[in-house]
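Protein chains in written order, with my numbering: chain A, 1 to 272; chain B, 1 to 588.
Below is one structure, written out as structure tokens; comments come after it.
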């Protein structure tokens, strides 16, 4: 019998070590996960058994009192700058250049690169988001209408890998062998604009879909809590005036049309 | 091999709002109750403590508290000519998972439906004539009246400690409340929440135009409140992480903050979590439920026998279980016959974005259910004769959050990236405002739920298939409501205003609300409804089905107050009528 494992609990992003899990199947750390098992085998299996590795994800009988244990929560694991976890150095250079054009630096606020958007995307793709964990990834796969949503059999991590390779090929052909990161800024913007409008065609993948995916993830990196590696020093929050994870505005609700004076805070505290 | 457990008096499928309410009422009547919940136990300290509850990426963008589509999803198509494909990642609505259900991550907007909403077809035909309704519209009466439900609305609101201002107490219109609402027996348990700048400006503008603005009724409390069960809820701190999030502050009404601490102490109650019910079992006659079969996390299959089965899962999954269990006749849209899957309905929201030069709104000072609203254009509160549609919704300035990934907005002409985008976001974040309409959605012959022929879940069961698109009536309604809203917003004095009425096809990737309704509706006769007026199955009298599953169509309000009231109404019928004489409570 084929054993299939899925995680039923809301496991929390960042709970897993970055990079520990990139195939979309099995559970890292589980002695019963079989990294060699292929999706095709999963799809044809008929007898399914559920196995869990996370201690919080076991069936439980609750009676008499609330089930509470100290420190049983799942806080996010902080991302630290450092070498790429998912991207290759070339992919990393391309992503840094891309996010720095989507959100360019200006005298007041850093751009996407210095805000950490590329590090954010790298760590997201190395984790549960990149592996499409928890999503319904069973076939048959068919192209639907836009209203039916994404039907790709590929995980977000695989979609980035495919699109970045195709973008590299496009740029080297169009710009005398240069990758995206090495072409002038105004040419970078032309490429991005072409992707957005569907005018730049990428080989084997939709440039427009990649653009939307990248833009969404870049904005996430610019505005998410800094604990995930982007929004470094809360630059995104400071730019717009969002005070972040503040807890209590009761004294401020009825102070109308006044600028809130306190600086932002994040889950891990203030920037130093 | 399925192992059989000792019988219980009652088995409850799903421990959200309705499961918790029924468990509390029926254990109070002395019955042994077992609740079986698909997801994990959830509580503030473990799942959304204030230390990290305010995390937009984790909860809003990556859906941390919701059901995983891999565990169970459904397929979707706009119409029967298309091939339905699986919803691989949630978008339009967010099915809950775990103890507390949707009560964990709702906005806590706590509205009653209008008296005319419960007798909708009768009311509209009387006022406008049969021919005014679209030929394929399948709206119908609920089989109960607002007056039947009023004591139960009251009970749910006093459980929650709802913050608001009554507009009608025993027929007397109250200044500052909603003058269109049905008569209440008494004032709200707690006064309204405070209002930030945007809702205050909106209310001033609405007042000047002759409307009657009032504070939205809120399950995020304006002050501390101890409910009749002895459970205390804290005051809301307006932190702006409410809907999509669990409240880290014990100030949002949920099963966790209102019922479970009292319920769990009862010796005749037991919950089993991470256990998924796969089937409701019937005896040979097919007229009596014998209990349920469920699967635990080790893959063991168990049979839980019970005298009474209460289906209390989320709306969509109640219908899924009925279809899989062979209870009730599945709906056939060609013949227009059958009841399970019939009259699915949803929601039609829209918005108006306004950009100002001279105002600071501090959108992050928010709760999921503050705001100032008007109800002049809801239900049948206005004459639809000249407009060629029926239905409506409330509208207002409802300041739910300023979380920037989701809400950083720019005027439409702004590029979506680059230096100009950056400049526009920085300029607009504090000084722009979004007002909303919350429109209803009526039911149609070609909108329904059935089983998908291709895609299966992890048990190998067919997924449910959703066939739904907006109809002309609702799109006309949305245009009309958005135009009325824009007139009020214009009076707030923006530099620029943008209308976003609902248009085009229903898109399953675009979030509106999680107010999916119908599929096993209540009504007056078994030909056109799955449940009688007590939410009892016509076919299997020892089965009751809770939730918005029973709504014949969706009025222009948020559903939870009515879902809670119906649960108390059904509990009352079970305790005071059914237990005395088990059998059908309505004879046909």
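C-beta: ideal position from N, C-alpha, C; glycine also.
Comparing C-alpha distances from residue 78 of chain A to each of A/88, A/108, A/67, A/124 shows the shortest one belongs to A/124. Interface annotation, residue 243 of chain A: in contact with chain B, CB-CB separation under 8 Å. Residue 61 of chain A carries a strand assignment under DSSP once its states are collapsed to helix, strand and coil.
At least 8 Å separates the CB of residue 450 of chain B from every CB of chain A. When Cβ pairs closer than 8 Å are counted between the two stretches, the region 360 to 379 of chain B is seen not to touch the region 309 to 320 of chain B, the count staying below three. Contact annotation: residue 128 of chain B and residue 385 of chain B have beta-carbon atoms nearer than 8 Å. Using beta-carbon distances, residue 22 of chain B does not count as an interface residue toward chain A, since no partner is under 8 Å. In the DSSP annotation of this structure, the continuous segment of the alpha helix (DSSP H) that includes residue 20 of chain B starts and ends at 17 to 28. The contact set of residue 349 of chain B on chain A, defined by CB atoms closer than 9 Å, is empty, because the minimum CB distance reaches about 16 Å. Under the three-state reduction of DSSP, residue 448 of chain B is assigned to strand.
Proximity to residue 219 of chain B across B/199, B/243, B/7, B/211 peaks at B/243, based on C-alpha coordinates. By the neighbour-count criterion, in which 16 or more other beta carbons inside 10 Å mark a residue as buried, residue 252 of chain B falls on the buried side.
In the three-state scheme derived from DSSP, where H, G and I count as helix and E and B as strand, residue 269 of chain B is classed as strand. Under a criterion of Cβ atoms nearer than 8 Å, the residues of chain A adjacent to residue 430 of chain B are, in order, 240, 241, 259.
The Cβ-Cβ distance between residue 109 of chain A and residue 235 of chain A falls below 8 Å.
Secondary structure note for residue 342 of chain B: its beta strand (DSSP E) is the uninterrupted segment 342 to 345. Assignment of residue 127 of chain B by DSSP, reduced to helix, strand and coil, places it in the helix class. Close to chain A, meaning a Cβ-Cβ distance shorter than 8 Å, are the following residues of the region 250 to 271 of chain B: 260, 261, 264, 265, 267, 269, 270, 271.
Counting along the chain, no alpha helix (DSSP H) covers residue 229 of chain A, and no H or E run does either. Contacts with chain B (Cβ-Cβ distance below 8 Å) from the region 137 to 156 of chain A involve 137, 138, 140, 142, 144, 145, 146, 147, 148, 149, 150, 151, listed in chain order. For the pair residue 117 of chain B and residue 444 of chain B, the CB atoms are not nearer than the 8 Å cut-off.
Under DSSP, residue 500 of chain B forms a beta bridge with B/351.
Interface flag for residue 66 of chain A against chain B is set, since a Cβ pair is found closer than 8 Å. Listed in chain order, the alpha helix (DSSP H) runs fully inside the region 264 to 339 of chain B are 315 to 325, counting runs of at least 4 residues. According to the DSSP assignment, residue 418 of chain B belongs to the alpha helix (DSSP H) that extends over 418 to 428.
Three or more pairs of CB atoms, one per stretch, sit closer than 8 Å, so the region 506 to 515 of chain B contacts the region 554 to 573 of chain B. Using a CB distance cut-off of 8 Å, residue 73 of chain A counts as an interface residue toward chain B. Residue 36 of chain B and residue 483 of chain B have their alpha carbons spaced roughly 46 Å apart. Under the 8 Å Cβ criterion, the region 364 to 372 of chain B counts as touching the region 391 to 402 of chain B, having at least three qualifying pairs. Beta-bridge pairing by DSSP links residue 172 of chain B to B/169. Nearest C-alpha to residue 152 of chain B among B/171, B/314, B/186: B/186. Here residue 287 of chain B is exposed: its Cβ has fewer than 16 other Cβ atoms, across all protein chains shown, within 10 Å. Neighbourhood of residue 63 of chain A in chain B, by CB distance below 9 Å: 264, 267, 269, 270, 271, in chain order. Residue 373 of chain B: not part of any alpha helix (DSSP H); member of the beta strand (DSSP E) spanning 372 to 374, first to last residue. Residues of the region 217 to 230 of chain A whose Cβ lies closer than 7 Å to any Cβ of chain B, in chain order: 219, 220, 223, 224, 225, 228. With a threshold of 16 other beta carbon atoms within 10 Å, residue 172 of chain B falls short and is exposed.
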